[in-house]
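Here the structure is laid out as structure tokens; the discussion comes afterwards.
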Amino acid sequence: MQFGLFKSIFNPSHDAAKPVNGFATEENPLLNVLAQLNVGSILATVRPFLAQLPDSFWMPSQASSKAAEVDTVFYVIYWISVFFFAIIVGLMALFIVRYRSRRQGERAPDSPNHSLALEITWTAIPVIISIAIFVLGFQSFMNIATPPRNSYEILVTGQKWQWFFEYPNGFVTSELHVPEDQPVKLTMTSEDVIHSLWIPAFRVKKDVVPGRYTRTWFEAQEPGTYPLLCTEYCGTGHSDMLSVVTVHKSGTFEQWLEESANIYDTIPPAEAGELLVQRSGCVQCHSLDGSPNIGPTFVDLYGYEQQLTDGRVVIADENYIRTSILEPMTDLVAGYEPVMPTYAGKLKDKEITYIISYLKSASDRGPSEEESAEAETEDPAAQDPDAASATEEE
Amino acid sequence: MSTATGNAHEGRHELAHYFDSTRQQFESHKLAMWLFLCTEILMFGGLFCAYAIYRANHPEIFLYAHTLLDKNLGAINTIVLLFSSFTMAWAVRAAMLGQRRLLVGLLVVTLLCGFGFMGIKGIEYSHKWKHGFLWGEQFDYTEAVAYASGKGHGDDHAAETGHEGAHADDEAAIHTEVPAATAGDEDAAAVMAELDQAAAVTMDHGHDAERIPRNLHIFFGIYFVMTGLHGIHVLAGMGMLTWLIVRASRGDFGVRNYTAVDLGGLYWHIVDLIWIFLFPLLYLIH
Amino acid sequence: MSTGATTTVDHVDGHDHHEGNYLTAGRGLRSWLFTLDHKRIGVMYLGTILFAFLLGGIFALLVRTELLTPQQTIMSADDYNRMFTLHGAIMTFLFIIPGIPAALGNFILPLMLGAKDVALPRLNLASYHIYVIGSLMAVASILAGGVDTGWTFYTPYSTTTNGAVILVTLSVFVLGFSSIFTGINFIVTVHRMRPAGMGWFQMPLMLWALYATAIIQVLATPVLAITVLLIIAERALGIGIFDPALGGDPVLFQHFFWFYSHPAVYIMILPAMGVISELVAIFSRKPIFGYKAIAYSSIAIAVFSFLVWGHHMFVSGQSELAVVIFSALTFSVSIPSAVKVFNWLSTMYRGAIRLETPMVYALVFIFLFGIGGLTGLFLASLATDVHLHDSYFVVAHFHYTMMGGTMIAFLAGIYHWWPKMFGKMFSQKWGNIGAIVIFVGFNVTFFSQFVMGAKGMPRRYFNYPPEFEIYHVMSSIGSYVLAIGLFIAAGVLVHSLIAGKKAPVNPWGGATLEWQAASPPIHHNFDSPLLLTNPYDYTAQRWDEAEQGYVPVDPEKEPQTT
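Chains as they are written, first to last, in the working numbering: chain A, 1351 to 1744; chain B, 133 to 418; chain C, 137 to 698.
Structure, rendered in structure tokens:
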């Protein structure tokens, strides 16, 4: 019975037009798409069935306006692929079972070794489907390629192996914070090698290239926290170049930004410092629990002697820490690679002072409680003039 | 099938066992050579693409930097190579006609042209080296300014006036910041030193962007890679010519066996042809 | 050109003349290392390439073992980076690119043409020597500090990182020459050495595939050569062309690199398709369906392959217009590939399908290449590629095409021509068991990678978020099964060399000319006049029980001509 169908497929003299037409009817929506280039309607038709899944078998949860669009294209291609794969493997399995020869030397019965109609058919159908998939992908791409005019702009800098996000008020974080339901445009560049910013839940990705600016945008739709990753291989810490995006509920983002930008002035310096080392990406390479990492740990660093690569031994005092932050290659601790980027221009003098306060508090050779309280109040003032002149010399 | 027939007039005629006829063998070798030349063209094609992209993106670099090259030496080299191509073509003809002494003579002339070309190239390179017109960080901007001012570009009015204005600025700068430099000294060396200083100053302060485009070294990076790779090909061609001369004087070639000379000629022509493109693209920019 | 009917070989040609086959003609290491015989060069290539495959495979297993846990398992991040770089570089440049053309192609191409050798045997030997030198340089780089750039050498990372980058890129440059020489040789041989009576459309499809491959090798490899030279110049001299700090353009490198490396993908898959076209026809005992369509599709793939490199750079920041054009062109490559698959299926229709080991591999190929090809659609489509780019989805996709495609076809080809190469049969039962274990292991290894890639797992990650652990563990276990399968496959061949039954002249009933040579062939390939037939006409032969192979049907009475 079922072989009758295949016979008709492979013997066009029977009725070649029938299966072809049957196929065309089955895929009619796609052909319509092609004819009218009206992708919007098909997307609207299938979306309710495909794109409501929070975290499907194939895709992570959808948290941006682009996600549903991308997933719809994904699943359209997916089902086309499954359909064709089933045909290919189904026919293959069928032929193996049906036409298997168990005796050596058996001859196949004569059958035509080419058929123009059939070959044109199976060239034309993939051509049409390819064009349809291209148009689908292209339209979605164009829909999501151009950022709207009213986008909120955040400057992104990638460097080995961390991200910096600078908001319009000059505040910098190592985790991305964005408002809900508001287009956000990322203008990105790299300090060293090529990185690539990927937020799977938003379905956005763009390379971050040194010496030029690249752009991407998205509109977050679900408040929450999502992974943000580097996907262009960039060396030792490539897989640690992770961060998160926090989507703030509508209306709460501005408040967060305001508070965060001023937070260091409202809490004790050592706590501000701890917050800073976490937010500035120091902890990617320097642990806070004493374990070794790409760089020396921050625990018991202050006040201890450091063996440097050039043989000198120095005490890790305030000046040493400041130099290490601004000119990391000057005093390299022995046993570590010279990979730390400079933070000149990224941390304000006041912030460096807070970090020093934190390192003091994390070391058993730091000043005692009373002393440290005293030092904390004095330090910023004492350091500032010195720091200012140092910056000028550079 | 026939094997070696050692006749001086005919040349040593060798037919490899896997070929059916001399014609088949000759055509196979010739096709292989053409394919090899295709790969050469594609290899240089990559560099020509890099050239086109950078020139399209930074026309000012190329317009300025080409004035630092010596057009005359480039032109002489073009003539030398063209002449060598002529003698090479004639040599192939001589080989086909079995004129052994003429063949050797023409190959020697071609080889001498190769030496001539490399010699002139060497003079050009040493000149660039002396002035620091090199690639990447090796490039010496101070020297570039000094050189440009020393030569002056009479034909480039805009650059001239730009230079005048800048010079006035520089004088002032020198008076204030570098009192040691004696302004008004007529001694040529002192003028050069002064201009060096001036250039350094203008570079630091970043005015005068018109006069010295940024990233001039890009041009020289491309210049050295292209001419360097071409030079290596000329050297390889000279090695090949030497080998041909040895074989020709031994009497290996003749009316029935001149494949090696023919293929060598093809290679030499392609090297020549690449230079024909390099010369205007690098030296004659408008 | 003389007729295809070659007289008994008896030339004075500078070669020592020996009795027996090409394996016994000439003894000692020198007679192998400096041979001009295309068959010996092919066999040496085969040995070296399989060794490279073993090395690359060991690196792959180490990488998979490291990824068993989300944090460090057996090595440091830097070692891991060197490991996957070497895995990629060795598998690409030492194994898959030369694999089928240089090893099988060298052996089979002149035989299929009924020729005594390739047109340029010295160039052929030079190609092998250069390949060995290049490979040794690549291996030496491991001792010289390793390389951690990834096999793609993206600037400016590759120009700033430590390690033996110059050595490895130089080795790629050297290997490129080997590839070009093989390509030139094949083109010239196909053009000039076809016997009288074999027009272009009487050639076996394997030759069409090798010819199309050779065109890509000759046209694309020089661009890679100049690209790696520029990397070397950048590292050694600081030439600045790719260095953004000096006003250079790092993305230009990617254009250069993929202008070669995308066509290189078809250098890998085209000869594999050629092998499958031969095998499907022979083991279905039926002429290949749509000969001309398959032949033309090989050339079409070769041409299209040069127009699509930009699809590796959809998120690199190139202009939207360029992205759209490259996406459209990329879909064009899928058409000839689809045509081939449909033609293979129709060849099987109403055939007399023999499930011999080579055919089992060919079927595995169609299954895996089907998945590899179809997942390419996701990556060619713009909206989805932005999400999937540089994720494990891409890793899975190219392993399905490169390993599931080319490597499987390579194994199929080795099994198919093994009796001709060494004159020994192998255990079909164990051959088939090996194929099935490989099939299972392969799918477990790489299908899980599709899922984790789509869900957000980037490639080249040493540490990874714990939610992906289950997929990674599955993938690693699959890779061990795959390795076991490959060892079974290798064991079958080793056993055949030691204890295999003597192979008949034509064990599978092939109609191409190599099956008229002895197994193994004599030094000059053919000792009796050739009978030029349609390469896919299987009616002129019958199974001979005594011979345990196929013999011509009474050639005296009715000589088959084309």
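Cβ coordinates follow ideal geometry from the N, Cα and C atoms, glycine included.
Rounded to the nearest whole angstrom, the C-alpha separation of residue 1582(A) and residue 397(B) is 48 Å. For the set 1481(A), 1408(A), 1449(A), the Cα lying nearest the Cα of residue 470(C) is the one of 1481(A). Scanning chain C for C-beta atoms nearer than 7 Å to the C-beta of residue 1454(A) yields 679, reported in chain order.
Under the three-state reduction of DSSP output, residue 1509(A) falls in the strand class.
Sequence-distant partners of residue 243(B) (beyond 5 residues in either direction) whose C-beta falls short of 8 Å from its own C-beta, in its chain, are 370, 373, 374, 377. Three or more beta-carbon pairs drawn from the region 520-535 of chain C and the region 571-589 of chain C are found closer than 8 Å, and the two stretches are therefore classed as touching. With its beta carbon at least 8 Å from every one in chain C, residue 1636(A) lies outside the interface.
The closest CA to that of residue 202(C), considering only 616(C), 166(C), 257(C), is found on 616(C). The beta carbon of residue 1530(A) sits closer than 6 Å to the beta carbons of 1570, 1573, 1597, 1599, 1600 from its chain, once the five residues preceding and following it are set aside; these are given in chain order. Between residue 1701(A) and residue 1626(A), the beta carbon gap of about 6 Å places them in contact (Cβ cut-off 8 Å).
For residue 170(B), the enclosing alpha helix (DSSP H) covers residues 154-189.
With fewer than three CB-CB distances shorter than 8 Å, the region 621-629 of chain C does not count as touching the region 223-239 of chain C.
Closer than 8 Å to the CB of residue 1678(A) there is not a single CB belonging to chain C. In this structure, the CA atom of residue 380(B) is about 14 Å from the CA atom of residue 222(B). By the CB criterion at 8 Å, residue 1674(A) and residue 1681(A) fall inside the cutoff. Counting along the chain, the unbroken beta strand (DSSP E) around residue 1576(A) starts and ends at 1574-1580. Nearest C-alpha to residue 345(C) among 364(C), 406(C), 336(C): 406(C).
Residue environment analysis places residue 1654(A) among the exposed positions, since fewer than 16 neighbouring C-beta atoms fall within 10 angstroms of its C-beta.
In the DSSP assignment, residue 1687(A) falls outside any alpha helix (DSSP H), carrying neither H nor E. Listed along chain C, no residue sits closer than 9 Å to residue 1572(A) by beta-carbon distance, the nearest being about 15 Å off.
In this structure, DSSP gives residue 1557(A) an extended state, which the three-state scheme calls strand.
As the crow flies, the alpha-carbon of residue 197(B) is around 9 Å from that of residue 344(B). At the C-beta level, residue 1450(A) and residue 412(C) stay beyond 8 Å of one another. Around residue 1416(A), the same chain offers 1494, 1552, 1553, 1554, 1568 as residues with beta carbons nearer than 7 Å, after the five sequence neighbours per side are excluded. In the three-state reduction of the DSSP assignment, residue 1519(A) falls in the coil class, being assigned neither a helical nor a strand state. For residue 679(C), the enclosing beta strand (DSSP E) has its first and last residue at 677-680.
Taking C-beta atoms as the reference points, residue 658(C) and residue 158(C) count as a pair closer than 8 Å. Residues of the region 439-469 of chain C with a Cβ closer than 9 Å to any Cβ of chain B: none.
For residue 492(C), the CB contacts under 7 Å within the same chain, skipping 5 residues up- and downstream, are 419, 564, 644 in chain order.
Legend: CB atoms of the region 1483-1499 of chain A lying less than 9 Å from CB atoms of chain C belong to residues 1483, 1484, 1486, 1487, 1488, 1489, 1490, 1491, 1492, 1493, 1494, 1495, 1496.
With distances taken between CA atoms, residue 306(C) lies nearest to 369(C) out of 369(C), 256(C), 291(C), 547(C). Of all residues in the region 367-382 of chain C, only 380, 381 come within less than 8 Å of chain A when Cβ atoms are compared, listed by chain position. In chain C, no part has a C-beta under 8 Å from the C-beta of residue 1690(A); the shortest such distance is about 15 Å. Residue 1533(A) is bridged by DSSP to 1569(A). Here residue 248(C) has 340, 342, 343, 648, 649, 650 as same chain residues with Cβ atoms under 7 Å from its own Cβ, once five neighbours each way along the sequence are excluded.
Secondary structure at residue 1414(A): strand, using DSSP grouped into helix, strand and coil.
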